[in-house]
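For reference, the structure discussed in these notes is given below.
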Amino acid sequence: MTKAFKFTINSRLSGSLARAGTLETPHGTIETPAFIPVGTKATLKSLTPEQLADTGAQAVLANAYHLYLRPGPDIIDQAGGLGAFMNWSRPTFTDSGGFQVMSLGVGYKKVIDMTGTDPEHQPKKANLARIDNDGVTFKSHLNGDLHRFTPEISMQIQHQIGADITFAFDELTTLYDSYDYQIESLNNRTHPWAARSLAEHRRLNAERSHRPPQALFGVVQGANYEDLRRKSAKFLGNMDFDGFGLGGALEKSRIGEITRWMSEELPEDKPRHMLGISEPDDIFDCIENGADTFDCVSPARVGRNGALYTRHGRVNITRQEYKTDFRPFDETCDCYTCANYSRAYLSHLFRSKELLANTLATIHNEHFILKLVDDIRNSIADDSFYSFKAEFVKEYYESR
RNA sequence: GCCGGAGUCGUCUAGUGGCAAUGACAGGAGACUGUAAAUCUCCCCCUUUUUAGGUUCGUAGGUUCGAGUCCUACCUCCGGCA
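For the first sequence, this note's numbering gives the first residue as 2, with consecutive numbering after it.
Rendered as structure tokens:
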């Protein structure tokens with residue numbers, strides 16, 4: 002029986018946990034480290050799949066919660082799976098929906114607090130989600146209908162959607178939850194749910210042998226706590242997952258060491274995916290500490306909101322100074338947008354609220370982050386990672 | 001010429017005699033990390049670091065403790081009649 006999924010490490014960066022490799026799936030191979038753009042509702046907002054492929058995207062990640070609510074997993078299954086449905090022939094991922102189910106309630110807008118644990122910014126009480134040890138009952142953000150996810154249900158949905166790589170259903174805690182709550186969450190939910198996700202996943206892979214086999218990543222939690230991160234990574238690492246997602250709340254300034262704790266405990270020969278990370282400094286820190294893939298909405302979202310990446314940092318294209326600036330957005334960028342359009346034109350499109358603004362900005366931002374990760378991958382292979390990182394970070398964060 | 005109506009922050013607009021005065025747009029700045037996001041926040045008469053001060057609702061007077069609001073005249077615009 003052919004394994005659906007194969008991860009090979011081709012080179013390592015000495016003195017670090019960084020590695021470059023390949024991740025084979027039934028829909029193609031991903032060169033790692035890799036950034037995976039997010040197309041939550043089976044579309045990367047404002048781009049056609051062809052445009053997305055042209056930015057350099059090797060895969061796309063969609064969301065089980067959103068696709069479950071609409072159009073419903075049956076329809077995607079009937080279409081032949083996510084890739085066929087959205088006309089994307091390369092590899093696909095789906096997130097379990099755990100993040101959405103939880104973040105719409107207790108953690109809404111407060112899940113990943115990068116600045117700390119200021120009690121003044123504590124999240125409001127849960128209003129859409131209620132968590133118990135068996136699963137989560139929640140209200141649809143679309144119409145308030147009551148729904149329930151359990152690990153089994155999430156896996157059933159993810160198998161109907163049919164992405165190459167799926168994630169276990171986990172509990173998302175926040176930085177505001179106590180240490181005791183974090184332990185209780187790992188012991189009573191995230192870890193048992195991982196085992197249940199894995200069992201249901203195996204059953205479904207066997208039952209649905211007419212479809213390409215899917216892979217399942219377990220999701221490590223533990224917030225900012227070293228003992229909990231290590232414990233969670235070790236616990237999940239002993240289970241037969243195809244890879245691992247590193248998730249949950251964490252302080253931005255500690256993202257590197259937190260990644261390292263998990264990488265040191267996880268099996269060396271399986272891929273590690275950072276959930277929801279894409280800022281350049283975070284990507285460098287995570288790769289250096291053993292991360293292989295990333296997904297994030299940020300490049301697309303901030304792009305639609307008028308913020309474009311440059312090697313000198315992120316800038317808002319609606320700034321007055323760009324109104325009459327006829328240079329390409331970034332002379333050193335080889336994306337479609339920079340090859341063909343000026344800053345003044347982009348400024349005009351955003352000010353006019355023209356739809357093309359979203360498309361051109363998204364193309365640039367996705368390409369920027371994808372290219373960055375490509376360059377990092379190459380720097381691991383030729384051992385220039387540290388100088389490349391130092392140069393990039395200095396230019397990106399200090400020159401503006 | 002007569003009768004009626006109207007003049008408020010760049011634009012449109014709210015405004016019972018009682019706090020520079022509503023909202024929208026335009027304009028300026030910022031934010032966004034497993035997408036409830038083509039979204040959100042702040043500024044937007046002048047000066048000031050501020051709790052402050054100054055000057056304002058077509059113009060000029062008046063009534064009043066107090067006027068964007070009431071009265072008078074004038075100016076401008078829009079209807080109607082000549």
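Note that beta-carbon positions come from the ideal geometry of N, C-alpha and C, so glycine has one too.
Q: Could you tell me whether the Cβ atoms of D283 and I256 are closer together than 8 Å?
A: At a Cβ-Cβ threshold of 8 Å, D283 and I256 count as neighbours.
Q. Counting along the chain, where does the beta strand (DSSP E) carrying G219 start and finish?
A. A216 to V221
**Q.** For G57, the nearest candidate out of D383, I364 and R344 (CA to CA)
**A.** I364
(Q) Does the structure place the stretch 177-186 close enough to the stretch 90-105 that three or more beta carbon pairs sit under 8 Å? (A) Contact between the stretch 90-105 and the stretch 177-186 is not established, with fewer than three Cβ pairs separated by less than 8 Å.
Q) Does DSSP put E32 in a helix, in a strand, or in coil? A) strand
(Q) Using C-beta distances below 6 Å, list every residue in its chain close to E280, excluding the 5 sequence neighbours before and after it, in chain order. (A) Beyond the five residues adjoining it in sequence on each side, E280 comes within less than 6 Å, by CB distance, of no other residue in the same chain.
Q: Quick one: grab the DSSP three-state call for V298.
A: It is coil, neither helix nor strand.
Q | Identity of the residue in I10, C297, A250 and P268 nearest Y177 by Cα | A | A250
Q. Using the C-alpha atoms, what's the distance from S198 back to K337?
A. Note that residue 337 corresponds to Tyr in the displayed sequence, not to Lys. About 41 Å.
Q) Which of the three DSSP states, helix, strand or coil, is assigned to N239? A) coil
Q.
I need the boundaries of the beta strand (DSSP E) containing A21, first residue and last residue.
A. R20 to T26
Q. What is the DSSP secondary structure of H313, reduced to helix, strand or coil?
A. coil
Q.
Is it buried or exposed, Q79, if we count other Cβ atoms within 10 angstroms and call 16 or more buried?
A. It counts as exposed.
(Q) Tell me the residue span of the alpha helix (DSSP H) that contains D78. (A) Per DSSP, D78 is one residue of the alpha helix (DSSP H) stretching across P74 to A80.
Q. How should T260 be labelled, buried or exposed, when 16 other C-beta atoms within 10 angstroms of its C-beta is the threshold for buried?
A. It counts as buried.
Q. Excluding the five sequence neighbours on either side, which residues of its own chain have a C-beta within less than 7 Å of the C-beta of L267, listed in chain order?
A. A234, G238, F245 and R273
Q: Please determine, among G219, M275 and L83, the residue with the shortest C-alpha to C-alpha distance to E1.
A: The structure shown does not extend to residue 1, since the chain spans only 2 to 401, so no value can be given for it.
Q: Could you pull the start and end residues of the alpha helix (DSSP H) that F351 belongs to?
A: R344 to R352
Q: Determine, using beta carbons only, whether D165 and P27 come nearer to each other than 8 Å.
A: yes
(Q) For E399, which residues in the same chain have their Cβ closer than 7 Å to its Cβ, ignoring the five residues on either side in sequence? (A) none
Q: Throw me the rounded Cβ distance for the I77 and I162 pair, which I believe falls under 8 Å.
A: 5 Å
Q: Give the DSSP-derived three-state secondary structure of A234 in the structure shown.
A: In the structure shown, A234 sits in a helix (DSSP, three-state: H, G or I).
(Q) Out of R13, R230, F6 and F351, which one is the CA nearest neighbour of Y387? (A) R13
(Q) Between the alpha carbons of F6 and P213, how many angstroms are there, rounded? (A) Inter-residue distance for F6 and P213 is about 10 Å (C-alpha atoms, whole angstroms).
Q) If you draw a straight line from the C-alpha of L173 to the C-alpha of V61, how long is it? A) 22 Å
Q: Taking the CB atoms as reference points, tell me whether L229 and M275 lie closer together than 8 Å.
A: no
Q: Please report the Cβ distance between F295 and I37, rounded to the nearest whole angstrom; I am assuming they are in contact, meaning their Cβ atoms lie under 8 Å.
A: 7 Å
Q: Check whether the Cβ atoms of A301 and M240 sit closer than 8 Å, and answer yes or no.
A: no
Q: Just the C-alpha distance for I10 and Y226, rounded to the nearest angstrom, thanks.
A: 29 Å
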